[in-house]
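Residue numbers (my numbering): 41 to 639.
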């Protein structure tokens, strides 16, 4: 529909006729512009006595005379029509070009942003000011800038945050080196000689840092500035709901995203801070030589992953865990497989032990432990604390912006809005599960919600996978069996041991299982756990099935390549299918077979 029809009421026949009569008596205005000489006088603007008469064409002297040649008249009218249409198309192109240019240049001025793309760095109003250059902050900044917004990104430490510098990336590089040493040490499992690997511990740690450096350019300041993001280095603090100060610079934003992540915390143990322990934030940069013993306080995912890796690299490792088992958030059968693997690699586990006092003496760490079996004193050259994390909210002065928060993190709704509707929070700082992939999901939700405030998206963690990168790995999604019992959810468990999966047997990797939890009496999947080599990869078949609403019947009916580890999930689904074969169903099938024989 034409814009004019929206803005003006439609006129009937009489209204259009009146309009033509009014135009016929308007005073003549000479055409203006570069094409004025080429334009025809408008209807009704002829000199007196020479009005346009139907059936007349200009004479040779340019004056209109009697109609002589109908064919030439029609040809002339068609030519005039083509000229007018060409001019109209040309004008539309020019207007569209100007509009597109204004849209590109002025995307920051639209109501969702409020900034000016032409302003210098630090000046004007930004569409979005992002605090923190970890996963959530980087994805938010890149997504907003890629959609035409003007973005300021503030980072007080290293670009890439915890995942790149002190978490996922360096730890997996260390685990890869440890796996290679383990394979060499146990070569007889594959028909090779067992041999102690010959390596320099310093070279392993150098490789960890080199692998981290190889990925750093993706998250670098230079790359994000090339994307059009203004990067500011320093500590950020709110001075008002729309203003963030970084040193002497004040950044104004239509929206602000808090993505400051989390940090390792030290439990309240006497002398612990004075003993200068490592955390995941320091060990990859500061540990150079192989320590004569490593104490690890905490038997969660970080403690188990790093403890096993250092043990495989020849370090004497002791893990102290307050609970009566490691990985207490996992089902007991899952944790038991990992416990056996850690002890097989030489890790000493002290379960149910509580650290009471720590001191450093003559270059060594001494830890006093209270235990049900009696107090004990542990000693090693190095101490690693892996006993939890806390959100980074200190120093932000959230009170100045009116943002609510607790010790668990910034308070957000299901759209990731804080108590201020234009301020958002994403990633670990929100106090939820602390996974890089969840921080990525948070950032995508924030970008969509800033762009489409009337179509707000929700955070969806109904199908949230995670992995503990021990050997074997633990791939998880959804609800565990113990969690279902605690929640009072009636359920069934379908378990497939890897010892019955051919690929696992031939590769001598048969320790572990695949387990699927379903609703009671049905095939709807509630969760799954895969304890296996590459279990973190294998669980994603179940992740996709849950997201797509597929059940165990669908997994069982899907062809899987043979021989693969992926058959474990399909065989677990087969167990569900076999459970449906009741005695009554067996009797029916037997009758059908007898009938088929007679036929």
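For every residue, glycine included, the Cβ atom is placed at its ideal position computed from N, Cα and C.
Determine the closest residue to residue i out of the options, with distance taken between C-alpha atoms.
i, options, result
"residue 288", "389, 300 and 274", "274"
"residue 302", "385, 334 and 177", "177"
"residue 385", "524, 468 and 351", "351"
"residue 222", "615, 354, 485 and 533", "354"
"residue 226", "120, 549, 481 and 357", "549"
"residue 172", "611, 286, 462 and 364", "286"
"residue 304", "331, 340, 277 and 193", "340"
"residue 501", "566, 254 and 542", "566"
"residue 206", "272, 476, 371 and 455", "476"
"residue 371", "401, 439, 520 and 495", "520"
"residue 403", "315, 557, 590 and 298", "315"
"residue 564", "585, 581 and 164", "585"
"residue 276", "438, 216 and 182", "438"
"residue 217", "191, 250 and 194", "250"
"residue 361", "374, 373 and 347", "347"
Checking the sheet assignment: what are the DSSP bridge partners for residue i?
i, result
"residue 184", "Beta-bridge pairing links residue 184 to no other residue."
"residue 359", "336 and 389"
"residue 270", "192"
"residue 666", "Given that the chain is displayed from residue 41 to residue 639, the structure contains no residue 666 and the question cannot be resolved."
"residue 464", "297 and 457"
"residue 553", "537 and 571"
"residue 400", "405"
"residue 429", "304"
"residue 507", "515"
"residue 278", "284"
May I ask you to report which of helix, strand or coil DSSP gives residue i?
i, result
"residue 547", "coil"
"residue 302", "strand"
"residue 167", "strand"
"residue 535", "strand"
"residue 80", "With a pLDDT of 45 at residue 80, under the threshold of 50, the predicted position of this residue should be treated as unreliable, and no value is reported."
"residue 179", "helix"
"residue 13", "For the chain, the structure presents residues 41 to 639; residue 13 sits outside this window and is missing."
"residue 601", "coil"
"residue 410", "strand"
"residue 75", "Low local confidence applies: a pLDDT of 45 at residue 75 is under 50, so the model's placement there is unreliable, and no value is given."
"residue 341", "helix"
"residue 596", "helix"
"residue 295", "strand"
"residue 519", "coil"
"residue 570", "strand"
"residue 496", "coil"
"residue 369", "coil"
"residue 99", "For residue 99, the predicted structure reports a pLDDT of 45, less than 50, and the residue's modelled location is therefore unreliable. The matter cannot be settled from this model."
"residue 476", "helix"
"residue 638", "helix"
When the distance is taken between beta carbons, is residue j closer than 8 Å to residue i?
i, j, result
"residue 419", "residue 398", "no"
"residue 441", "residue 280", "yes"
"residue 424", "residue 317", "yes"
"residue 545", "residue 539", "yes"
"residue 592", "residue 568", "no"
"residue 524", "residue 531", "yes"
"residue 383", "residue 396", "no"
"residue 426", "residue 333", "no"
"residue 185", "residue 269", "yes"
"residue 610", "residue 600", "yes"
"residue 509", "residue 576", "yes"
"residue 192", "residue 291", "yes"
"residue 454", "residue 499", "yes"
Is it the case that the stretch 426 to 442 contacts the stretch 321 to 328, given that we only count it when at least three CB pairs across the two stretches are under 8 Å?
no
Is the stretch 303 to 310 in contact with the stretch 379 to 393, if contact means three or more CB pairs nearer than 8 Å?
no
Are three or more beta carbon pairs between the stretch 200 to 207 and the stretch 251 to 264 nearer than 8 Å?
yes
So does the stretch 559 to 579 actually touch the stretch 508 to 524, counting three or more Cβ pairs closer than 8 Å?
yes
Would you check if there are 3 or more beta carbon pairs closer than 8 Å linking the stretch 118 to 129 to the stretch 449 to 466?
no
With a threshold of 8 Å, are at least 3 pairs of Cβ atoms found where one atom belongs to the stretch 235 to 242 and the other to the stretch 461 to 473?
no
Indicate whether the contact test is met: 3 or more Cβ pairs, each with one atom in the stretch 240 to 249 and one in the stretch 373 to 382, closer than 8 Å.
no
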